[in-house]
Each structure stands twice: as structure tokens, then as C-alpha cells.
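> So the protein lines, in turn, are chains A and B. Per our numbering, the first sequence starts with residue 1, numbered consecutively. Per our numbering, the second sequence starts with residue 1, numbered consecutively.
There are 2 protein chains.
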Amino acid sequence: MKLTVLGSGSAMPTPERYHSAQLLEVRNKQFLIDCGEGTQNRMIQFGVRANRLNHIFISHLHGDHCFGLMGLISTLGMLGRTADIEIHAQPDLEPLLRPQIDYFCREFPFQVKFHSFSPYQSAVIYDDRSVKVTTIPLKHRVPAVGFLFEEKSLERHLIRSMIEAYEIPVRLLKEIKQGADYVTSDGEVVPNEHLTTPPTPPRRFAYCSDTAYSEKIVELIRGVDCLYHETTYLNEDLFRAKQTMHSTAMQAAQIAQAAGVGRLIIGHYSARYREIEPFVEEARAIFPNTVGATDGAQFDI
Amino acid sequence: MKLTVLGSGSAMPTPERYHSAQLLEVRNKQFLIDCGEGTQNRMIQFGVRANRLNHIFISHLHGDHCFGLMGLISTLGMLGRTADIEIHAQPDLEPLLRPQIDYFCREFPFQVKFHSFSPYQSAVIYDDRSVKVTTIPLKHRVPAVGFLFEEKSLERHLIRSMIEAYEIPVRLLKEIKQGADYVTSDGEVVPNEHLTTPPTPPRRFAYCSDTAYSEKIVELIRGVDCLYHETTYLNEDLFRAKQTMHSTAMQAAQIAQAAGVGRLIIGHYSARYREIEPFVEEARAIFPNTVGATDGAQFDI
């Protein structure tokens, strides 16, 4: 998995921090998580080509998480795209966007399809042979969810020298990668463990923004390799965080610690702060393996 | 008048060139002309504060000229604005935006009002004591207009030393600035020309984008101090310009020359060109007083 942060700002953009958007690449597929205004500009500025992007996930219906959709869809249309775009969001989004899609995209050779989910309970909303996406109900001023991206179990790795030594036909390699033993023409059974090494462990990434501090999410994100959790405020502005139903850096770190995640990425910083180092320091005091997102930052998960 | 170019790109943005938007300041008022995606980001990046912006003019309903409206309106709402925002556009825009305004801006202490105009004939669509705005029907794939901004006649400038020598009371200065003579207590008539110098000539700015080459606009923009005319293509791509109903740099210069304008600003360059110098050179060969717009460029008119 590779994550590219396209926007690390919150409701008010700053010269350096655009509205929320992240591109997650999983086994050659691209998934866009939120799509604030300027998402397409950030993609172009950071050299991100969205030619393998088919699914977009919108966490909640505040403008800083979805106002970039029309521009992105239009630009994909001009780039000669033919595959449909599928948007996963709460039911309210489609009637807000459909009139504009019908008007501005009427000559496009692809459709924009909406798949709606309830923001009130966790559910699997996307499932293919390599990735599963589950919603994580959050606590915000409007209904909001996070998204858990789980890679599915990978195939075992072939030990090339053994495959060659036994002269195993290519047609059998697929089932051997899936764990089958090999039976020679003499009837000898070669156990799979002699022919393969264990698969790379599947990765899990959780995106949680926007949300107030909520221990309810801990079980849903337990042990993920990487958690993106918003940190709109520093702890010195805890009152303001509570009032606006956002989190502080300290709270994000507490969630990461309680859930035993591998790494914490923080972001969605309020425009009132110019520097992000204080956020990273505040979070690291509780959860050392914390990094601060910036626009354009890339993370291998 | 002062013009700030917020976006000099066309349908496809580039890392340096955002979608169309220009801020025109006239006697302490701000007018936004078009509002492509990222207009609010450009304002923030270029240090433009939109606190005197009340009127927005949209030339036509292609996304690269209007997809920044929702984000800009939302941000103005968060900045504590209370004055209404008035959008001047073709009738189709309001039903496309109203559902989003009702949904995302429902708690705002101001209203978004739409004033619609016909794109098919020239008409005065805005008129206050200092500025008048007239539409300029253009020739494009969808109905499109340009906008002519005309400053109204200014007051004459007082000659301070004369005002003091005659000890003219403050209450009379307003009418003297408007051309009145002064009658002393002895009945002596002091002609206005002894007390004032002529007013600064009112300025006129015309914005024409998007449009194919159209001589019909020449009379409407004759003699303006400054013309912004799109130049999506170089003349070597004339065929493509015709096909998409855009203009070449040469054509923009021909229009500027035919209309006898003071200065030509070109922009709306296609993303296929990296450098803008060839546009400027091509236009200057016909109309020497040409400058190329870049994002963030400011022009005194």
C-alpha cells in the first residue's frame, strides 16, 4: 500500500495545506479518500496520475471533503476516460451532485455511479479479490465515517530454484502459490512449504477524519499497520476541539496507543497553526511512531 | 482599477495555471470575474483578501469557470461574513448550485442571491454610482458572455492652495468637485477651472473568455483601456482553436487592434503549452502593447 496525502488542511485552507484528500494505492488499484477543492490541482502538482482510480470514498458531507469532486470528474472526462467512476458516500451526496453531473458531464463516455452507505453502523462497503473497505462510524457535527482498507491475504511466494528443480509445469503454479502440495509423476508428494515461503502479511490502513475523540473506534481499527487520525487542534485548544467535534494531537495519539496501531499519521490541522511540528511533538510524547502529514507526502504502508 | 489574475489556465489546469478567475478592484470595491476550482486557494496564496467582494460574474457554464463557487462561498461564510453575495450568471446556474447552497450554507448569516442575464444580447447587468457592467455576447460552444467594466466619471480634483486662499467652507467642496463655480461673500464669481483640475479619466476594462474569433465584439469594446482576451492556442493550432471555439494569440491581437484598445492582456492558455512567451510574441507582432497573464499577476488599469 502506498498513501499520498493530497490535502492536509482542515475547513480553511492555507497556502501550503489544501482541503482533505488522500490517494491510496493497493496492488495497482487507486482509491481516493475524500476530495476537497483543489484535489485535481494537487494531483497535477505532485505528479499523481489517476488512471487507475475507479472508486472514491467520501467520509462526510462538509465541503472541505467533497467540493473537488466535480472538477476531478470533469478533468477525468477530458482525459479520455471510459471506465465508470464509483462514488461511495452517504445518501445525501447524490442528489446534491447529480444535477451538476447531468449538466456538465452529459457528453462523457462514462457514468458516475453512487453507492450509498449508512454512517451509523460499521459495514463492508467495498470488496474485491484484493481489498475490502469497511466503514468506521465517527463522532462529528454531521454524520461521518472513517474507512478501513484491508488487503486480502496474498499468495505464497514461489521458491524459483525448487520449482525448476522439480520441473513443475506453469499451469500448476497458481494453486501452489495458494498452498497446494506438488505430486511428481512418480507419485512423490512435495509439501508446499518446500516450494514456497509465506505470503507478505496483508496490510491494513484506517482513515479517521473528521472526528472528536471517540474510544468507540478503537476496536474497529485495532492493530492496523497505519492509522491516519485527524488532529485539528493542539491540546492547548482542547475546548475548541470539543466545541467543533474535532481531535487534538494528544487525543489522536491516545487512540493510536489504545488500538495498538503500527504507525500514526496525523493531519487536518486547523489554519490557525502555521507549523505542524508542535502537533508531531505532542503526539509523539504518547505515541512515538507518529508522523505529520503534509501536502504531497507519501507513505509506504 | 486593479486586476489580479487568479487563474490563467484553460479547461485542464497545469501545476502553474489554475482555472479562470480574476479579481477586479474598482474604487475600493472588488468584483470577481469567473470562479474556477481553486479560486479560494489562489486568493490565499497570493494574499488577496476578499472582504470587499460582493458581486461575482460568471461568463459561461463550463466547470473551469464556476466550480470554485461553492468553496469560495463556504470559506467566506466561515470568515464571519454577513453581507449577501450576489452572483450574476446565466439562468441555468442557480438550479445547479441552489441545492448545494441550501445544504452546505444553511447556517450562514448571509444569502447567496442570483441575478440572471441573457447571454444573447448585450445589456447593463450591474450599475452603481461608480461602476457599470455590460455583457458582451461571445461565440463559444455554449452560450457565453464577456463583461465590460466601466468606471463612471470621477469628480474634479481640488486645488488645495486655491481652496485655502478663498477660505471656501468645507460644505461647498462637494459641489465644487462636481464643477460648480464659487461665489465669494463680496459677490465675486470664481470660475471652477481656477479651483479644480480635470478628473482622472474613467477607466474601462473588458473581459472576453471563452470565445472564438468574433469581430462582433469590436464595437462593444472599442477604445477600452484594457482588454483581457483569451488565447487558448497559438496560430499553429488554428484548426484546433476553430474546432473548440477558442482564439489564437494572433486573433486576440487582431481584435485588440481593430478595437483600438489601450492594452491587451492574454491568457486562458491550453495545457498543451508549457511556456507562454510564444503567445506574447505572436500577439505583439500585431498588437505591441500585449502582456501575458500568469497566475498571481497584477495589472493597474
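All residues carry an ideal CB built from backbone N, CA and C; glycine is no exception.
Please list the partners that Ser74(B) has in chain A, where partner means a Cβ-to-Cβ separation under 7 Å.
Gly63
> With DSSP as the reference, label Leu138(A) as helix, strand or coil.
coil
> Please compile the residues from chain B whose C-beta is within a distance smaller than 7 Å of the C-beta of Pro95(A).
Pro99
> Does the structure place the segment 199 to 215 of chain B close enough to the segment 136 to 147 of chain B that three or more beta carbon pairs sit under 8 Å?
yes
> Rounded to whole angstroms, how far is the Cβ of Pro199(B) from the Cβ of Leu234(B), which I believe are closer than 8 Å?
That pair is no contact at about 41 Å.
> Can you name the start and end residues of the alpha helix (DSSP H) that Tyr228(A) belongs to?
Per DSSP, Tyr228(A) belongs to no alpha helix (DSSP H); it is in the beta strand (DSSP E), 226 to 230.
> In three-state terms, what does DSSP make of Gln111(A)?
coil
> Could you tell me whether the Cβ of Tyr103(A) comes closer than 7 Å to any Cβ of chain B?
yes
> With a threshold of 7 Å between beta carbons, is Glu37(B) in contact with chain A?
Closer than 7 Å to some Cβ of chain A, the Cβ of Glu37(B) qualifies, so yes.
> Tyr18(B) versus chain A: which residues are under 7 Å apart at the beta carbon?
Chain-order list of chain A residues neighbouring Tyr18(B): Asn41, by C-beta distance under 7 Å.
> With H, G and I counted as helix, E and B as strand and the rest as coil, what does DSSP make of Glu16(B)?
Coil at Glu16(B), not helix or strand.
> Would you kindly work out how many angstroms separate the C-alpha atoms of Val26(A) and Arg17(B), rounded to a whole number?
31 Å
> Report the residue from Pro202(B), Arg203(B), Pro201(B), Gln178(B) whose alpha carbon sits nearest the alpha carbon of Pro191(B).
Residue Gln178(B) is the option with its Cα nearest to Pro191(B).
> Can you list, in chain order, the residues of its chain with a C-beta nearer than 7 Å to that of Leu220(B)? Leave out the 5 residues immediately preceding and following it.
Ser122, Ile136, Leu148
> With distances taken Cα to Cα, identify the nearest neighbour of Ile125(B) among Ile87(B), Val112(B), Phe104(B).
Ile87(B)
> Taking DSSP as the reference, what is the three-state secondary structure of Lys242(B)?
Three-state DSSP puts Lys242(B) in a helix.
> Output the distance between the C-alpha atoms of Pro91(A) and Ser270(B), rounded to the nearest integer angstrom.
37 Å
> Who are the Cβ neighbours of Lys2(B) in its own chain at under 6 Å, not counting the five residues just before and after it?
Counting only Cβ-Cβ distances below 6 Å, and skipping sequence neighbours, we find Glu25, Asp300.
> Give me the chain B residues within the contact set of Gln45(A), using Cβ-Cβ distance strictly less than 7 Å, ordered along the chain.
Pro15
> Just to confirm my understanding: we take Leu158(B), look at its own chain, exclude 5 residues before and 5 after, and list those with CB closer than 8 Å. What are they?
Leu173, Ile176, Lys177, Leu195, Thr196
> Which term fits Phe31(A), buried or exposed, when burial requires 16 or more other beta carbons within 10 angstroms of its beta carbon?
buried
> Run down chain B in chain order and give the residues with a C-beta less than 9 Å from the C-beta of Ala11(A).
Ser74, Thr75, Met78
> Could you tell me if Tyr182(A) is buried or exposed, where buried requires 16 or more neighbouring beta carbons within 10 angstroms of its beta carbon?
buried
> Compile a chain-ordered list of the residues in the segment 108 to 133 of chain A whose CB is closer than 9 Å to at least one CB of chain B.
Legend: CB atoms of the segment 108 to 133 of chain A lying less than 9 Å from CB atoms of chain B are not found in any residue.
> Residue range of the beta strand (DSSP E) that Arg263(B) falls in?
263 to 267
> Consult DSSP for Tyr233(A) and reduce its assignment to one of helix, strand or coil.
strand
> Once DSSP output is grouped into helix, strand and coil, what is the label at Val145(A)?
strand
> Compare the C-beta of Gly267(B) against all C-beta atoms of chain A and say whether one is closer than 7 Å.
Taking a beta-carbon distance threshold of 7 Å, Gly267(B) does not count as an interface residue toward chain A.
> Counting Cβ pairs, one atom from each stretch, are 3 or more of them under 8 Å apart for the segment 290 to 300 of chain B and the segment 262 to 280 of chain B?
Three or more beta-carbon pairs separated by less than 8 Å link the segment 290 to 300 of chain B to the segment 262 to 280 of chain B, which places the two stretches in contact.
> Listing by chain order, which chain A residues have their CB less than 7 Å from the CB of Met70(B)?
Gly63, Phe67
> Tell me, to the nearest whole angstrom, how far the beta carbon of Ser317(A) is from that of Asp64(A); I am working on the premise that it is less than 8 Å.
Here chain A covers residues 1 to 301 and nothing more, so residue 317(A) does not appear.
> Thinking C-beta only, is Pro109(A) closer than 7 Å to Thr75(A)?
no
> Across which residues does DSSP place His55(A) in a beta bridge pair?
Answer by DSSP bridge pairing, in chain order: Phe31(A), Glu86(A).
> Which of helix, strand or coil does DSSP assign to Arg98(B)?
helix
> Using only CA atoms, which one of Ser118(B), Ile73(B), Met78(B) lies nearest to Gln100(B)?
Distances from the alpha-carbon of Gln100(B) to those of Ser118(B), Ile73(B), Met78(B) put Ile73(B) closest.
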